Structures are given as structure tokens and as C-alpha cells.
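Engineer: One structure, pasted below without further comment.
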Amino acid sequence: MTCHNCGSEKAVVHLTQIVDHEMRTLHLCERCAAEKGLETSTVPENFPLTDLLAQLGREERSTVADGSPSGCAFCGLTFQQFKESGRLGCPHCWSTFEGHLRGLVRRIHGGSQHVGKVYLSPDPTVTEREKRVETLRKKLVRAVELEDFERAAEIRDEIRDMEPA
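Structure follows, in C-alpha cells:
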């Protein structure tokens, strides 16, 4: 894919913007992206994932010695390559490196199971409302612990709206 700005170089930065409910994608070469002030390096220096991957080095050495697979049988990606790039090579890498990835996802997200929003009917039963309020209270405590006070205020307001007056 070529750069949308100059039309001559290969696009390495793919920027998606949503403006007025309309999605626009802009593909830029490294030079044009730098001119627009966009970061062109593949992994930022202070990205927390790189720190977590660095910590996994000691675990990786011990598990390879224990006989776990050293690379993906499908694409050939090694765990060392994953640590360096922060990207998996194919869907089979998930099962190959599952032991490492579970711990990594748990450390990054605070859990390894997705807990998404649940639809509440316009008139939820008391039990549903209580469960939802309890979930929101836990999120509120977590937001305060992380010092995300804006999110905590939103959650607090949502709890107030759900609780009977």
C-alpha cells in the first residue's frame, strides 16, 4: 500500500480517525508520518508491555528447560522473537505459548477472563440491579486505586442513577 500523502513510498503508519461519526483511514510513509508529528517507531520505549516481556525472560528459560515447546510449530515464531516484537505470528501461537500468555494477560489486564458490559432491560429486577450495583462498586474501588478519578466519578454517578432514592 502506498502513502496517501506523497504517493511514492510504502505506507508504514495506518492512522484511523473517527470524526463526526465517520471513520477515515490514512496510510502514510515514515517520512510523511514524521512530518505530521506521528510516532513512527514500532514499539515505544516506555510501553509497559515491553517491560513485562523483559520480565518473562527468566520464566522462559526455565520452562524451555522443562521441555515445553521452544517455538510455534505452525509459523516458527520463538518465544524470544515474541518478547522482542510483542506480536504473535499466527493464531496457533496462542496455544503454543499459552502458559506465558495467561500470566502476561493477567498482569496487564488484571484478569484473564473478559468481563464485558451486560445488557439490562429497561426495568431490571431488584436482583439484577443489585448485581450490577455491586459490580460497579468493585469497578469504583479499582478506579480509585488506579487514581482514575474521572472514571470513578462516572461510575459513582452511574451507581447513584441505579440506586433507589
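Counting with my numbering, you get residues 267 to 431 for the letters of the sequence shown.
Glycine residues also receive a C-beta, built at the ideal position from the N, C-alpha and C atoms.
From a predicted model like this one, the values you see are computed outputs, not experimental measurements.
What does the alpha-carbon distance come out to for the pair C269 and L281?
Structural biologist: Each residue's alpha carbon lies about 11 angstroms from the other.
Engineer: Tell me the DSSP bridge mates of H293?
Structural biologist: In the DSSP output, where bridge partners are listed per residue, H293 has H280.
Engineer: When DSSP labels each residue in this structure, what does E429 get in the three-state scheme?
Structural biologist: Looking at E429 - three-state DSSP - the assignment turns out to be coil, as it is neither helix nor strand.
Engineer: Compare the beta carbon distance of N271 and L304 with 9 angstroms and say whether it is the shorter of the two.
Structural biologist: No, the Cβ-Cβ distance between N271 and L304 is not below 9 angstroms.
Engineer: To the nearest angstrom, how far is the alpha carbon of A419 from that of E394?
Structural biologist: Taking the straight line joining both Cα atoms gives about 22 angstroms.
Engineer: Beta-carbon within less than 8 angstroms of A277's beta-carbon, same chain only, minus the 5 sequence neighbours each way: which residues are those?
Structural biologist: Cβ neighbours of A277 beyond the five flanking positions: M267, T268, C269, H270, H293, L294 and C295.
Engineer: Using the C-alpha atoms, what's the distance from F348 back to F340?
Structural biologist: Rounded to the nearest angstrom, the two C-alpha atoms are 14 angstroms apart.
Engineer: Just checking my contact of H375 with F345 at CB under 8 angstroms: how many whole Å lie between their CB atoms?
Structural biologist: Actually they are not in contact, since the Cβ atoms of H375 and F345 sit about 20 angstroms apart, beyond 8 angstroms.
Engineer: Would you kindly report the start and end of the unbroken alpha helix (DSSP H) that includes S361?
Structural biologist: Here the alpha helix (DSSP H) through S361 covers H358 to T362.
Engineer: Quick check on L412: buried or exposed, where buried means 16 or more other Cβ atoms within 10 Å of its Cβ?
Structural biologist: It is exposed - the Cβ of L412 has fewer than 16 other Cβ atoms within 10 Å.
Engineer: Please state whether DSSP places E288 in a helix, a strand or coil.
Structural biologist: Strand.
Engineer: Would G342 pass as a contact of G355 if the rule is Cβ separation under 9 angstroms?
Structural biologist: Result yes, Cβ atoms of G342 and G355 sit closer than 9 angstroms.
Engineer: Residues in the same chain with beta-carbon distance under 6 angstroms from R283, minus the five sequence neighbours each way, listed in chain order, please.
Structural biologist: Going by the sequence as given, residue 283 is Gln instead of Arg. The residues are R290.
Engineer: For G369, name the three-state secondary structure that DSSP assigns.
Structural biologist: Note: G369 maps to helix in three-state DSSP.
Engineer: Just list the residues that DSSP pairs G337 with in beta bridges.
Structural biologist: T344, per the DSSP bridge assignment.
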